[in-house]
Amino acid sequence: MTQSLRQLIAGNWKMHGTTAFASDLAGSLADKASAAGNNGVDMLLCPPSPLIAAVRAAIGESGIALGGQDCHAAEQGAHTGDISATMLADAGCSYVIVGHSERRADHAEDDAVVKAKAATAQASNLVPVICIGETLAEREAGRAVEVVTGQLRGSVPEGASASN
């Protein structure tokens, strides 16, 4: 049986915004999404963790999904400042970004870490949005395909498919 893939448009707020900003922006997007219909495209908002509740309230039943910007590979433990996939799911998220270029660069997260985070996300019933991509230097050196292929092979959990 062939499964069709749906398009996903995701907005990642990075480390910006306040509760008021998040509520206003998410509410405006929800109004527009409700008026336009989804046209076969899934929409996802990934605000900073402290703003998840405000965004969840603002998007209501608009059909816009909610996601976290990252999760720890462990379900719990002494990881001050981190957030678990279970916590994100409990907060109303259905997706989580893992492997973002900023996390790979700023926190030295390699493919093995990304793979572990993605597996933990799946175990918590979150859809991991696995980011891959080359740096400008890698692209200019003609290594883009090699780098992206390596990240894809190294970051996707065993047994992952389009349906999970």
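Heads up: the sequence shown is residues 1147 to 1310, going by the numbering used here.
Where is the CB? At the ideal position from N, CA and C, for every residue including glycine.
These numbers come from a predicted model, not from an experiment.
Considering only Ala1262, Asp1188 and Val1259, the residue with the shortest C-alpha distance to arginine 1152 is Asp1188. Spatial neighbours of isoleucine 1229 in its own chain (CB-CB distance under 7 Å, excluding positions within 5 residues in sequence) are listed in chain order as Ser1195, Gly1214, Cys1217 and His1218. DSSP, reduced to helix, strand and coil, places glycine 1173 within a helical segment of the structure shown. Nearest to glycine 1209 by alpha-carbon distance, out of Met1161, Ile1155 and Arg1299, is Ile1155.
Boundaries of the alpha helix (DSSP H) around aspartate 1257: 1257-1269.
Around the Cβ of valine 1302, a 10 Å sphere holds 16 or more other Cβ atoms; the residue is buried. In this model, leucine 1190 and glycine 1206 are separated by some 13 Å (Cα to Cα). Here the alpha carbon of arginine 1202 sits roughly 22 Å from the alpha carbon of asparagine 1185. Around the C-beta of glutamate 1255, 16 or more other C-beta atoms lie within 10 Å, and the residue is accordingly described as buried.
Residue ranges of uninterrupted beta strand (DSSP E) with 3 or more members, entirely inside the region 1189-1229 and ordered along the chain, are 1211-1214. Rounded to whole angstroms, the gap between the alpha carbons of alanine 1166 and glycine 1300 is 39 Å.
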